[in-house]
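Residue 34 is where the sequence shown starts when you use our numbering, and the numbers rise one by one after that.
In this text, a Cβ means the ideal position worked out from N, Cα and C, and glycines have one as well.
In what follows, a structure is listed as structure tokens, so that the remarks can point back to it.
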Amino acid sequence: MLTLGSVAGRLRLVLDPASDFVRRVELQQPAGAPVPWPSGTSAWLRISANGTTFYANWPATISGSIMSWHVPAADVAKVPLTSWAELWVQYPDTSAFVWLRGPVESGCEPGGVGGIVAVPGISGGAVAVPVPGPVGPAGPPGSGGSAVVVTGIAGVALSGHRAVVRGSDGRFVPADNTNPKHLGLPIGITTGAATPGSDVQVCMFGEMTEPSWSWAPGPIFLGATGALTQSVPTGPAAFVAQLAAATASSTVFVDRSPSIAL
């Protein structure tokens with residue numbers, strides 16, 4: 034979800050690491066009357082994370098009155114949870130400027146782009162208004178909404194029901210709380226084992242059940258080399274990350290919380 038003006042002058046970007054980021058805003062002048070963006074206008078979302086080398090530019094496509102983004106899930110999943118986003122705009126013969134800025138969050142929120150905000154640099158009460166995207170083809174039947182599961186490629190041999198992250202090549206590898214590079218990355222739990230180069234399904238959010246589990250009700254944390262643990266990590270761990278909560282001895286609800294550096 035891209036929320037324009039979540040508070041005055043602020044951007045809020047909520048990314049679902051299991052889904053493409055698809056959002057559209059329309060230029061209206063005044064509100065209710067669509068008009069084309071000035072010819073030659075460009076815009077982009079700039080995303081960075083303090084303390085890391087991560088940096089990404091997501092350019093917008095501008096066609097008539099519509100400014101839109103479509104970013105593949107594989108790129109969305111690479112964005113650290115500690116990131117900050119800026120919405121940049123450049124009109125013809127002017128310098129680029131930051132229109133809105135704000136935090137990046139991870140979650141599975143309903144589609145939308147938030148409120149109506151004024152568009153700087155265009156007179157006459159110009160505003161940006163969230164608009165729905167075009168209707169796509171019908172997809173396959175869902176799972177009832179109990180979980181968000183993404184399919185990727187295993188970078189190494191992976192066991193079932195272990196924590197994983199995407200490596201620099203986009204393939205899944207074991208998550209590890211002793212690796213500082215994993216602190217801000219989206220982390221999921223494999224639904225089954227996978228061999229190197231084969232498909233692997235990873236639960237990023239929602240309920241999972243495994244008969245061999247024997248959890249006590251309460252939080253579940255990331256351990257070393259993909260392990261899940263109910264003991265709060267200490268040194269030599271580099272960070273603490275709660276990945277899920279046990280709701281029964283063999284059932285957990287996956288919902289990763291922001292990491293805490295140690």
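Practice task
Look at the Cβ atom of Val109, then the Cβ atom of Leu48, and state whether they are nearer than 8 Å.
Solution key: yes
Exercise for the section: Within 10 angstroms of the Cβ of Ala161, are there 16 or more other Cβ atoms? Answer buried if so, exposed if not. Expected result: buried
Practice task
Please state if the CB of Val137 and the CB of Phe130 are separated by a distance shorter than 8 Å.
Solution key: no
Exercise for the section: Please confirm whether Gly217 and Pro50 have their CB atoms less than 8 Å apart. Expected result: no
Problem - Distance between Glu119 and Leu60 (C-alpha atoms, nearest Å) - result: 19 Å
Practice task
Output yes or no for whether 8 Å exceeds the beta carbon distance between Leu191 and Ala226.
Solution key: yes
Practice task
Would you mind working out which of Leu255, Ser75, Met100 sits nearest Pro291, comparing C-alpha positions?
Solution key: Leu255
Exercise for the section: Kindly indicate which three-state DSSP category Gly221 falls into: helix, strand or coil? Expected result: strand
Problem - Contact belief for Ser81 with Phe87 at Cβ below 8 Å, rounded distance in angstroms - result: 6 Å
Practice task
Would you check if the distance between the CB atom of Gly185 and the CB atom of Arg199 is smaller than 8 Å?
Solution key: yes
Handout entry: Straight-line gap, Gly158 to Pro105 (C-alpha atoms, nearest Å)
Key = 34 Å
Exercise for the section: Using only alpha-carbon positions, find the residue among Arg204, Val164, Leu78 that is nearest to Ile220. Expected result: Arg204
Problem - 3 or more residues per run - each beta strand (DSSP E) lying fully within the segment 184 to 209 - result: 196 to 199, 205 to 207
Practice task
Determine the contact status of Met100 and Trp77, defining contact as a CB-CB distance below 8 Å.
Solution key: no
Exercise for the section: Check whether the Cβ atoms of Gly188 and Pro229 lie closer than 8 Å to each other. Expected result: yes
Problem - Among Asp232, Trp246, Thr224, nearest to Phe238 - alpha-carbon criterion - result: Thr224
Handout entry: C-alpha gap between Gly154 and His215, whole angstroms
Key = 40 Å
Problem - Alpha carbon of Pro125 to alpha carbon of Thr74, nearest angstrom - result: 6 Å
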